[in-house]
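Take 52 as the starting number for the sequence shown in this note's numbering and just add one per residue. We put the CB at the ideal spot given by N, CA and C, even for glycine. All of these numbers come straight from a predicted model, not from anything done at the bench.
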Amino acid sequence: MRRRCPTRAPPCTRTGSRAARARPRSTARSATPLAPSPSAPRTSSPAARGRHSACRWRPRPSRSPPRSVRSAAAARARRWPRARRTSARRSRPMRGRSRTGSLPIPPSIPIVSPRPNTDPLRTDRRMRRSRPPRQEGNPMAANGKPHFGVNVPQIKRTWQEASAAALEFESLGFDSIWVNDHLYGPQSPQIPILEAWSAVAALAAVTDRVEIGTLVTPAGMRNPAHLGKVIATADEIAGGRVIPGLGGGWMEREFTDFGMPFLSTRERLRQLEETVVLLRRMWSEEEPVTYEGKHVRVENLVCEPKPPRTPPILIGGAGERVTLRIAAQHADIYNNLAGHHSNLARKVGVLREHCADIGRDPDEIRVSQQTLVTIAPDEASAAPMIERAQKIFGGHLGDPTGPLALSGSPERIRDQIAANQAAGCDMFVIEFFGRDTREPAKLFAEKVLPYV
């Protein structure tokens, strides 16, 4: 029950000079105000004193909604009986008010502790250490030990599947993980595919050791200055583990459908070279960068924070006259396409010739080979897999029966790796054959990696 003023006067609704309406008629002009109730709360609010200047009594604020609100809620409840409780509850005003008196203060949201980590692959992860000292030179230069990377499945896969595969590859001992940079699926635009640099940044956050790269990013498919900022941010997240792979691109709809011009092959390669020059400068120079090229132009460009290390740039392609010349001049890693695997020795020879022409030591450039791996416990079980891979890919990822192909039993694959090293390649980016890559990856890690 609502408390009433001890004077039995009607509740005051006005302030100021009209507050006398709250006084009894017999004492309206009395000089001595009535004493307040001992149990009634006092207030120092000027507005409250004005409303009850005679009795200095303030009624307890009601928590129920106004009569008009209650009537509207009851009318709705009569029309829709099932909504009786919910409508009345929703019409009830919130308890708090903001300092401005206009907007309600939302109720406090309890802080829920995160779910416990039950992933066995991530239970021993440590907190990210402070930024490592900045590295100069080529951090991916050959050191006599072959480097093995794996393509992360991203076509027709969810992020949960891709991240689980990446964590498993890291736990198996592979050196790097790679994503293909396509905005459309290679076979059709309707094929779902994860965007590459979003995936790189996410993989950088969930992994600890492996290098993370793209194979490859078309230079003209994004604004080059913005691309450099994206790469720098991803490398900051990774703590200096990102390898940006760049190329000229070939799928026209990836450019035009997303608002970028698809130039001729010659101009796309020139755009690639200008992009590499800009990326080097914006990652290393402390002063704002101004660059004027035919396709790349920036003025007073600032990139902060700088990457923890100068990211090693991979240039991929097969063109011997232009692409390999650009790689000889600017690349830290040259990647030979899987479709040209059988010509690996020739590509390495042309690369060395371009290095000699410009006066660069060819040993500064690491040679990488994109390759399809079809592995089985023995040759008998590998034969049908090789035949099926040849029919499915049709040479797009190389001939699985070629002289340098990594196909067959673990023993044969070890011999093929030695043959590739003799041709000048000591870095491999692997695409495991099969829908489920866990079994071949585990077999490769157990039977091949420890012996090469």
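Quick one: measure Cβ to Cβ for residue i and residue j, integer angstroms, because I've assumed they're closer than 8 Å.
i: P491; j: V424; result: 7 Å
i: Q421; j: N471; result: Their Cβ separation, rounded to whole angstroms, is 12 Å, which puts Q421 and N471 out of contact at 8 Å.
i: P375; j: L402; result: The sequence as given places Leu at residue 375; Pro does not occur at that position. About 5 Å separates the two Cβ atoms, so the contact holds.
i: E262; j: P359; result: Incorrect: roughly 13 Å between the Cβ atoms, too far for contact.
i: I228; j: A215; result: Rounded, the Cβ-Cβ distance is 12 Å, inconsistent with contact.
i: P451; j: Q441; result: 6 Å
i: L500; j: G224; result: 6 Å
i: G410; j: L329; result: Not a contact, Cβ separation roughly 23 Å.
What is the residue span of the beta strand (DSSP E) that residue i lies within?
i: M302; result: Looking at the DSSP string, M302 is not in any beta strand (DSSP E), and its letter there is neither H nor E.
i: E343; result: V340 to E343
i: H346; result: H346 -> no beta strand (DSSP E), and no H or E assigned at all.
i: G410; result: Where G410 is concerned, there is no enclosing beta strand (DSSP E), given that its DSSP letter is neither H nor E.
i: G482; result: For the record, residue 482 in the displayed sequence is Glu; it is not Gly. Counting along the chain, the beta strand (DSSP E) containing E482 begins and ends at M478 to F483.
i: R260; result: Where R260 is concerned, there is no enclosing beta strand (DSSP E), given that its DSSP letter is neither H nor E.
i: L365; result: L365 to G367
i: H198; result: H198 to N202
i: I228; result: S227 to V230
Can you give me the start and stop residues for the alpha helix (DSSP H) that residue i sits inside?
i: S222; result: W210 to L223
i: E462; result: P461 to A473
i: R486; result: It is not in any alpha helix (DSSP H) - R486 carries neither H nor E in the DSSP assignment.
i: F328; result: Looking at the sequence itself, residue 328 is Val, so the reference to Phe does not match. Here the alpha helix (DSSP H) through V328 covers T316 to S335.
i: I384; result: Taken as a continuous stretch (DSSP letters only), I384 belongs to no alpha helix (DSSP H), being part of the beta strand (DSSP E) at I384 to N387.
i: T374; result: T374 to H381
On a Cα-Cα basis, can you pick out the residue from the options that is closest to residue i?
i: H346; options: L314, E338, G368 and C354; result: L314
i: D414; options: K357, E355, D477 and H447; result: D477
i: R319; options: Q211, P362 and G370; result: G370
i: R332; options: L254, F225 and N351; result: N351
i: V503; options: Q238, P461 and A474; result: P461
i: A378; options: V349, D412, V353 and H392; result: D412
i: T326; options: E336, H381 and D308; result: H381
i: G271; options: P312, T341, V281 and L455; result: P312
i: L365; options: A440, I464 and I294; result: I294
i: S432; options: A289, L448, I409 and S458; result: S458
i: Q238; options: V328, K196, V281 and H447; result: H447
i: I384; options: P363, L323, E219 and D408; result: P363
i: F479; options: G485, R486, L455 and T488; result: L455
i: T258; options: A213, R273, L245 and H277; result: A213
i: S393; options: H233, D308, G475 and R273; result: G475
i: R273; options: G291, R317 and L323; result: L323
i: V373; options: D408, F309 and R321; result: R321
i: E246; options: F309, V340 and T361; result: F309
i: A434; options: D232, D466, F484 and A407; result: F484
i: V230; options: T361, G344 and G296; result: G296
i: H277; options: T316, G291 and E355; result: E355
i: G504; options: D487, K357 and G344; result: Lying outside 52 to 503, the shown extent of the chain, residue 504 is not represented and no answer is given.
i: E336; options: T361, T316, R317 and G344; result: T361
i: G400; options: A473, R486 and G300; result: A473
i: W301; options: V281, H233 and V340; result: H233
When you compare the CB positions of residue i and residue j, do they come within less than 8 Å of one another, or not?
i: P269; j: G298; result: yes
i: I416; j: F495; result: no
i: E303; j: R260; result: no
i: E305; j: Y235; result: yes
i: N202; j: I443; result: no
i: G200; j: V267; result: no
i: A283; j: W334; result: yes
i: K207; j: P240; result: no
i: Q205; j: A250; result: yes
i: E497; j: R463; result: no
i: K398; j: H391; result: yes
i: K248; j: A289; result: Reading off the sequence shown, one finds Trp at residue 248, where the question assumed Lys. Their beta carbons are not under 8 Å apart, which means W248 does not touch A289 by this criterion.
i: V349; j: Y342; result: yes
i: I437; j: P197; result: no
i: W210; j: A252; result: no
i: E219; j: R489; result: yes
Report yes if the C-beta of residue i is less than 7 Å from at least one heavy atom of the ligand NAP; otherwise report no.
i: D286; result: Although the ligand NAP was asked about, the structure shown includes no ligands whatsoever.
Could you give the uninterrupted runs of the beta strand (DSSP E) lying entirely in the segment 264-302, keeping only those of 3 residues or more? Within the segment 264-302, the complete beta strand (DSSP E) runs of at least 3 residues are 296-298.
Give the list of continuous alpha helix (DSSP H) stretches no shorter than 4 residues that lie fully inside the segment 427-462. Qualifying alpha helix (DSSP H) stretches, in chain order: 430-444.
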